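Anchor point for the sequence shown: position 447 equals 448 in this note's numbering, and the numbering is continuous, going up by one each time.
Working notes, structure below.
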Amino acid sequence: MRLLQLYCLMGFLLVSAFAKAQDTLSYSSFKKKNKEQITTLKRDTITVIDSITTTSFVNETNKRELKTTSRDSIVFKLEDEPFAARLDSLWRNELARMDLFDSINNMVHELDYKEEVYLDLPTDTLKKRLARINERTPFNVDYNTSLESVIKNYLKRHKPSMERLMEVSQFYFPMFEETLDKYDIPLEMKYLAIVESALRPRAKSRVGATGLWQFMFTTGKMYGLDVNSYVDERMDPIMATEAACQYLSKLYDLFGDWDLALASYNSGPGNVSKAIRRSGGYKNYWNIRANLPRETAGYVPAFLATMYLFEYAEEHGYQPKKAPVNYFQTDTVHIKQLITLEQVAKITGEPLEVIQFLNPSYKLDIIPFVEKETYYLRLPSEKIGTFVQNEEEIYAFAKAEIDQREKPLPKFTTASDQIRYRVRSGDYLGKIANRYGVRVSQIKKWNNLRSNNLRVGQRLTIYPRKPVTSSTTTSTPKTVVTNGKKIYTVKEGDSLWKIANKFPGVSVKNIEVWNDISSNKLKPGMKLVVSK
C-alpha cells in the first residue's frame with residue numbers, strides 16, 4: 002500500500018516556538034477554570050502536501066484533503082524532528098519499569114539503624130553540613146545517631162539508585178517548586194515525592210496508593226483527583242502535585258510543624274496524635290518516633306537523608322547525567338475528540354513511550370472526550386503549534402482509523418485464533434502490540450492488566466491481526482561475528498534503546514561504552530558491537 006505522508010514545511014518563527022493557539026490551555030488555567038491563556042500563533046508559511054491514495058474520507062470542499070487506505074499504511078511526519086532525539090533513553094523506559102520504585106521502598110522500609118563506618122564522611126563533617134541545611138529550612142535537620150546511620154547506609158549501598166533519581170528529578174523538580182512556592186510550603190518538600198514514589202507517576206503501592214505523591218483513592222477524591230475507567234488523575238503530575246500541596250498545607254495547619262506534617266502524610270494524623278499522647282505530650286518528631294508505626298518511624302529519616310544526599314551530591318561524587326529537558330519545556334492542548342496515545346505517537350513522530358511518559362494519567366492509553374469534562378494532551382512545546390494548526394486533519398484521521406479498527410472482530414472471540422506469548426527481556430506493551438498488529442489497550446483488556454508493567458516470563462493472551470510467523474515470534478536481529486564480537490548494523494529508525502532491547506542482557510550503557518558513542522551519534526549503516 003502506498004503511504005500517505007503529511008508534510009508541514011517552512012516552520013514557525015523561532016521566537017514563537019512556545020506560542021499557543023486560542024484553545025491551548027496551561028494546567029494552572031485548567032485548575033482555576035476561570036480564564037484561558039490566549040496567545041496568537043505566529044507563523045510564516047505552512048505548506049501541506051497531500052499524497053493521493055484510495056479515499057477513505059474527504060473533508061468538505063475548500064479544506065485540505067486527508068486520504069487513507071488503511072491504518073497500517075498511514076504515516077504522519079510533522080515539521081519538527083522527534084523529541085526523542087533530545088530525550089535520553091531514560092524518559093522512554095522510566096515509565097514502564099518498577100525497579101527504582103521498589104528500590105526506594107526497600108530503602109525506606111528496611112532501615113535497621115545499625116552504626117555505619119564510612120570513612121569519607123566523618124561525624125564532625127556530617128554535623129556541620131546538617132547544621133548548614135538546618136539554617137535554611139524549617140525542617141528539624143538536627144544531628145542524631147539514627148539519622149547518621151541512615152545517611153551512611155544510603156551512601157554505602159544506594160549510589161546508582163540515587164544518581165538515577167537525581168537525573169529524573171531535573172525533569173520534575175522545577176514544576177514541584179513552583180507549586181510548593183504557591184502554597185508557601187518549604188521547597189525541600191520536593192524530596193517527599195522521591196520517598197513516596199521514586200518520581201514514578203504510575204507507581205502503585207501494595208495497598209493501592211498511586212502516583213508521584215501516592216494518594217489513596219478516597220484521599221485523592223477529597224482533593225479533586227478524579228478516577229474513572231479511562232483516567233486516574235492521581236497519576237497526573239501537575240494535578241497530583243496541586244492536591245499534595247493542599248493536603249500538606251492542611252496537615253501543617255493541624256500540627257504547626259513540618260516534620261509532623263510529613264509523618265502524618267505517611268501514617269495519617271490520627272497515628273501522629275496517638276504518638277504524641279503516648280510520648281507524654283512531646284511534639285518533636287524524634288521524641289515521638291518510637292511511638293509511631295514502624296514504616297513512619299523510618300519515613301522522616303529517609304526524607305532527611307535524601308535531602309542531605311541531594312544537597313551534598315557533588316561532595317560525595319555523585320555524577321547524574323544532565324537531563325535534556327524539564328517539565329516546562331512541554332505544554333498542553335485541549336482534546337476535542339477521543340484519540341489514542343498510539344495515534345498521537347504516529348501523528349507527531351514521537352515514540353509511544355515518550356507520549357505515555359508525558360501523559361501518565363490515561364490508564365488505557367486513550368484520551369476520552371466527555372461533555373463538560375476537560376482532558377488534555379501533553380506534548381513537547383515545539384509540537385503544540387503544529388498539532389493545533391493541523392487539528393482538523395488530525396481528528397479526521399483519528400476518527401477514520403478508530404471507526405475502522407473498532408468494528409467487531411468475531412475471530413477475536415475464537416480460542417483457536419489466540420496465542421500465548423511469553424514476555425522476554427526488553428519487551429514492553431507497545432513493542433508486543435506492534436509485533437502482532439493490535440493495540441496496547443486490547444492486550445491490557447485481554448489480560449486484565451491494570452498497568453503497563455510487565456515481568457520477564459509473564460504469559461499474555463493475544464489475538465493477532467498479523468499472521469503469526471517464525472519471524473514474528475522469534476525476532477532475533479541479524480548480526481555478524483568479527484573477532485569474537487557480535488556486530489549489528491544500524492537501521493533507519495533505530496535508537497540505542499531499541500537496539501539494546503534486541504539483545505537480552507545488553508543495556509544502552511553497554512553499547513555506549515563498547516562503541517565509545519552517545520545516543521545522538523547514531524546513524525544508519527553504522528556498525529556497533531553488541532556482545533559482552
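Note that CB positions come from ideal geometry on N, CA and C, so glycine has one too.
Quantities reported herein were computed from a predicted structural model and do not represent experimental measurements.
Counting along the chain, where does the alpha helix (DSSP H) carrying residue i start and finish?
i           : result
residue 270 : 270-279
residue 158 : 146-158
residue 193 : 193-198
residue 133 : 124-136
residue 142 : Segment: none, residue 142 is in no alpha helix (DSSP H) and carries neither H nor E.
residue 481 : Segment 481-483 is the beta strand (DSSP E) holding residue 481; no alpha helix (DSSP H) there.
Between which two residues does the beta strand (DSSP E) carrying residue i extend?
i           : result
residue 224 : Per DSSP, residue 224 belongs to no beta strand (DSSP E) and is neither H nor E.
residue 495 : Note, residue 495: premise wrong, no beta strand (DSSP E); not H, not E.
residue 381 : 377-381
residue 489 : 486-490
residue 429 : Residue 429 -> no beta strand (DSSP E), and no H or E assigned at all.
residue 529 : 528-530
residue 421 : 420-423
residue 1   : The structure shown does not extend to residue 1, since the chain is modelled only from 2 to 533, so the question has no answer here.
Can you tell which of the options has the C-alpha that lies nearest to the C-alpha of residue i?
i           : options               : result
residue 373 : 336, 399, 387 and 529 : 336
residue 456 : 422, 438 and 483      : 422
residue 491 : 484, 485 and 499      : 499
residue 245 : 146, 197 and 371      : 197
residue 380 : 342, 394, 398 and 371 : 342
residue 449 : 404, 230, 204 and 134 : 230
residue 184 : 251, 233, 209 and 124 : 251
residue 178 : 487, 340 and 239      : 239
residue 201 : 176, 170 and 339      : 170
residue 225 : 176, 210 and 241      : 241
residue 195 : 209, 510, 207 and 172 : 172
residue 180 : 361, 258, 329 and 159 : 329
residue 233 : 255, 531 and 367      : 367
residue 255 : 274, 268 and 267      : 274
residue 206 : 514, 433 and 267      : 267
residue 485 : 191, 217, 399 and 532 : 532
residue 480 : 504, 494, 495 and 496 : 504
residue 214 : 193, 223, 227 and 208 : 193
residue 305 : 276, 495 and 150      : 150
residue 404 : 340, 452 and 441      : 340
residue 315 : 160, 389 and 208      : 160
residue 495 : 511, 514, 482 and 522 : 522
Going by beta carbon distance, what residues of the same chain come within less than 8 Å of residue i, once the five residues before and after it are set aside?
i           : result
residue 310 : 152, 155, 156, 163, 317 and 319
residue 189 : 138, 140 and 308
residue 416 : At residue 416, the pLDDT of 46 sits below 50, so the modelled position is not reliable; the number obtained from the coordinates is stated separately. Nothing meets the Cβ criterion.
residue 134 : 142, 308, 309 and 312
residue 516 : 529 and 530
residue 253 : 186, 259 and 262
residue 338 : 370, 396, 399 and 400
Using a Cβ-Cβ cut-off of 7 Å (strictly less than) and excluding sequence neighbours within five positions of residue i, which residues of its own chain qualify?
i           : result
residue 321 : 164, 167 and 168
residue 128 : 144
residue 286 : 141, 260, 261, 264 and 301
residue 186 : 246, 249 and 250
residue 88  : A caution first: residue 88 carries a pLDDT of 43, below 50, which makes its placement in the model unreliable, though a value can still be read off. So the list reads 325, 326 and 355, once near-sequence residues are dropped.
residue 288 : 280
With a CB to CB cut of under 6 Å and the five nearest residues on each side skipped, what residues in its chain are close to residue i?
i           : result
residue 94  : Note that residue 94 scores 47 on pLDDT, short of 50, meaning its location in the model is unreliable; the coordinates nonetheless yield the value given after this. Counting only Cβ-Cβ distances below 6 Å, and skipping sequence neighbours, we find nothing.
residue 463 : 420, 422 and 437
residue 219 : none
residue 34  : Low confidence applies to residue 34: its pLDDT is 40, below 50, so where it sits in the model is not reliable enough to give any reading.
residue 493 : 525
residue 361 : 202, 203 and 236
Under the criterion of a Cβ to heavy atom distance below 8 Å, does residue i qualify as lining the ligand PLP?
i           : result
residue 139 : Absence of the ligand PLP from the depicted structure is noted, as is the absence of any ligand whatsoever, leaving it without description.
Residue i and residue j: beta carbons closer than 9 Å?
i           : j           : result
residue 353 : residue 431 : yes
residue 212 : residue 237 : yes
residue 272 : residue 293 : yes
residue 290 : residue 298 : yes
residue 333 : residue 377 : yes
residue 280 : residue 331 : no
residue 344 : residue 399 : yes
residue 439 : residue 460 : no
residue 191 : residue 174 : yes
residue 235 : residue 257 : no
residue 446 : residue 497 : no
residue 148 : residue 131 : yes
Would residue i pass as an interface residue toward chain D - the criterion being a Cβ-Cβ separation below 9 Å?
i           : result
residue 230 : In the structure shown, chain D cannot be found, because there is only a single protein chain.
Which whole runs of the beta strand (DSSP E) in the segment 278-361 are 3 residues long or more, in chain order? Counting whole runs of 3 or more residues, the segment 278-361 contains the beta strand (DSSP E) stretches 331-335.
Note down, one range per segment and in chain order, each beta strand (DSSP E) of at least 3 residues found wholly within the segment 201-253. Within the segment 201-253, no run of beta strand (DSSP E) reaches 3 residues while sitting entirely inside it.
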